[in-house]
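Notes follow the structure.
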Amino acid sequence: SQTNFIDTMGLKTFGTDYNVHWGELNGERKNERLGQSHQPLLFLRHAMNVSDKVFWSTTAYAALARVGSVRLDNYLGAGDYSPSGQVDFDKYWQSNTEGTLFGPPIDPAYSDSLLKSTRILRSSNTNFEWFGALSTVRAELNNRLTLSGGVDLRTYHGESYATVYDLLGGDYFVDQFDANDSEPMHVVGDTIAYHNDSFVRWAGVFALLEYKDLIHNAFINVSGVSQGYRRVDYFREQDEFGNPNSSVWHTIPGYTIKLGGNRKLNEFSNVFVNMGLLNRTPVFRNVFDFENELFANIKNEIIHSFELGASHSKGDFSINLNAYYTDWNNRPIFGGLGFEDPVTGRRVRVTIPSMSAVHQGVETDFAWRLNSHLTAEGYFSYGDWRWTSSEDSLLLIDAETNLPFFDGVDSDGSPIPAVISYDAAGVSVGDAPQTTASLGLRYSHQGLYVKPRYTYFARYYSEFDPFTLYDENAGRESWRIPDYGLLDVHVGYRFKFGEYPANVRLSFLNVLNTTYIVNAQNNDATGEWYYRGESTPYSNGEQTRYPIFENNFDAASSAVYMGFGARTNVSLTITL
């Protein structure tokens, strides 16, 4: 049902603190997943009044990040757990030190004495440097018109690579992904798997004209941008001069046009309308592939938006209401969609040139001050978000080699790329509930405040799966995640820390310890199902089969992420 859960894996027997990403090694706890992050930010701002009617401000900023995470190489699978349900690190240690019945894991092709690790922990690292400057001039043309505009400059350099983190008992690990490295034996700290840089340059200009009188206000905003992309891959073969393999700079322009207006009906009520056209440049990973080649058919996102609303505020009561319609074309699927072949265990990726969806709905929120200490707050949102895309030529790509799978050869011996078709038109957009309702109370007195809030989430659909949306399943709705509600309680106290404002806050989240699903993937690889390609003269009349997933469009076929149980959070804020 929509409210009950069946524990098909028996996970509840492990307790509410169960986590699949740790185990024991030689009697001591060891984590399979680790993370660390250091991201300092620096802002410098200069502002001045050029005249009584002209104001100029400039902000320069820098962000320097060092982010890393650790996981098992390869990913965890069904055979990697002990009977207690934890990662079986002792099995990896034994395999890397004692080997099998045939003796220790010594590979004469590399060493006659050193132990060869086959399972290790690897660290994935992303370091970046981001610098930018935003300069804006605002001028009052007269008592009703204001013109502002400026420039937006940014430059980004990101470095991504993996290293050996823990050999789990062995002496070395073999990795041959680096075409420029003649030594395949790697120890802790050595770079393996991949090493590449990404460069992005952004130059934008914008202008905003605003009109305001006692009854009306309106605006029009236009902007333009030129965004450049470049990728360097240190693991691909160098050129004849020893320079790393690099793409050319590729520049893509974009623009936005937004306009809107507001009219006061009286001193308590007003109505407004906004509309916009966004031509948005793609993110980096949708520009270059792993071969440093441009993706085919690169398209900017094209977004048409329209919003109509009204607000009313009188005395102790205020309310806002708005309706929206957004036609989102060429919506990106970052890097394509991927799945694991259940037979070979290899990752397969499908490139999706563009996706389109329509988002429409209504939203309202209110606040009602019941007395000097107590306020009621609430909101309601109802959306209808659906994909409008169908495609008959999605290309199946091997995620390891970035090369297409082939479905036989044609009459002249040329390979035929394997493609699939799908029809997602009418399928609900996942990743967020389309109906949300919330009601809360806020009590405050002399710096102390208490705020309980209950929020209900409904019409939450799992992420769609293009591999199963064809033939009789064309346009079939994704599995709907069970509705759920969460109760949170926040308690805080505002005070002075010397001369500075301070706030200490204690939050009790999911007080009722509700069991719920926070996200899901429709038709994930919980079973073995095959997409059948076309028969060819070279396949003896039989259809070629590509293992994909079960396609029952139900709870049993979906992979899910469970939400957090009851928990607490404490924070202290001091404003300097």
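Each number in the working numbering comes from the position in the sequence shown (counting from 1) with 928 added on.
Glycine included, every Cβ here is placed at the ideal spot set by N, Cα and C.
Along the chain, where does the beta strand (DSSP E) that runs through residue i open and close?
i       : result
Thr1064 : 1048-1068
Asp1094 : 1073-1094
Ala1352 : Looking at the DSSP string, Ala1352 is not in any beta strand (DSSP E), and its letter there is neither H nor E.
Trp950  : 950-953
Phe1234 : 1229-1242
Pro1181 : 1178-1192
Pro1429 : 1428-1437
Ser1197 : 1197-1208
Leu1500 : 1495-1502
Give me the DSSP bridge partner(s) of residue i.
i       : result
His1301 : DSSP output for His1301 lists no bridge partner at all.
Pro1343 : Val1337
Lys1140 : Asn1145
Phe1385 : Thr1364, Tyr1412
Thr875  : Residue 875 lies beyond the residue range present for the chain, which begins at 929 and ends at 1504; the question has no answer from this structure.
Asn977  : Phe983
Gly1256 : In the sequence as displayed, the identity of residue 1256 is Trp instead of Gly. Paired residue(s): Ile1231, Ala1285.
Val1488 : Ala1448
Ala993  : Phe1056
Do we get a CB-CB distance below 8 Å when we pair residue i with the residues of chain B?
i       : result
Ala1353 : Given the protein chain composition of this structure (a single chain), no chain B is represented.
Compare the C-alpha of residue i against each of the options and name the closest.
i       : options                            : result
Trp1130 : Trp1177, Thr1396, Phe1200          : Trp1177
Ser965  : Leu1043, Asn1055, Glu1305, Leu1236 : Asn1055
Gly963  : Phe971, Ile1034, Ala975, Arg999    : Arg999
Leu1187 : Ser1174, Lys981, Phe1196, Phe1147  : Phe1147
Val1215 : Ile1231, Val1128, Ser1239, Ser1233 : Val1128
Gly1385 : Gly951, Asn1220, Leu1415           : According to the sequence shown, residue 1385 is Phe rather than Gly. Of the listed residues, the one whose Cα sits closest to Phe1385 is Leu1415.
Gly1403 : Arg1050, Pro1429, Tyr1350, Asn1441 : Tyr1350
His1301 : Val1286, Ser1372, Thr1316, Asp1340 : Ser1372
Gly1132 : Val1153, Gly1117, Asn1124, Pro1410 : Val1153
Val1115 : Tyr1093, Asn1108, Ser1039, Ser1126 : Tyr1093
Asn1480 : Ile1445, Asp1393, Thr1442          : Asp1393
Asp1399 : Pro1343, Ser1318, Gly1375, Thr1443 : Ser1318
Gly1420 : Asp1411, Ala1430, Gly1413, Tyr1412 : Ala1430
Do you know how far the Cα of residue j is from the Cα of residue i?
i       : j       : result
Gly1007 : Lys1379 : 47 Å
Ile1226 : Arg1158 : 15 Å
Leu1500 : Thr1303 : 24 Å
Ser1246 : Phe1212 : 43 Å
Tyr1045 : Asp1482 : Residue identity differs from the one stated: residue 1045 is Ser in this sequence, not Tyr. C-alpha separation (whole angstroms): 40 Å.
Val1498 : Tyr1377 : 15 Å
Gly1426 : Leu1434 : 22 Å
Ser1175 : Ser1126 : 10 Å
Ala1353 : Thr1316 : 4 Å
Thr994  : Thr1396 : The question names Thr, yet the displayed sequence has Arg at residue 994. When rounded, the distance between both Cα atoms is 39 Å.
Asn1250 : Ala1295 : 16 Å
Tyr1100 : Trp950  : 23 Å
Leu1504 : Thr987  : 20 Å
I'd like to know whether the C-beta atoms of residue i and residue j end up nearer to each other than 8 Å.
i       : j       : result
Tyr1020 : Arg1047 : yes
Pro1361 : Arg1381 : no
Phe1134 : Ser1151 : yes
Glu1391 : Asp1359 : yes
Thr1496 : Phe1436 : yes
Gln1014 : Ala991  : no
Glu1229 : Asn1202 : no
Leu1205 : Thr1179 : no
Thr1064 : Ser985  : yes
Val1432 : Val1417 : no
Thr1025 : Arg1050 : no
Thr1254 : Ile1231 : yes
Ala1107 : Glu1168 : no
Pro1060 : Tyr989  : At residue 1060 the sequence reads Gly, which differs from the Pro that was named. Yes.
Could you spell out the range, first to last residue, of the alpha helix (DSSP H) harbouring residue i?
i       : result
Gly1024 : The sequence given here places Asn at residue 1024; Gly does not occur at that position. It spans 1017-1025 - the alpha helix (DSSP H) in which Asn1024 sits, taken as one unbroken run.
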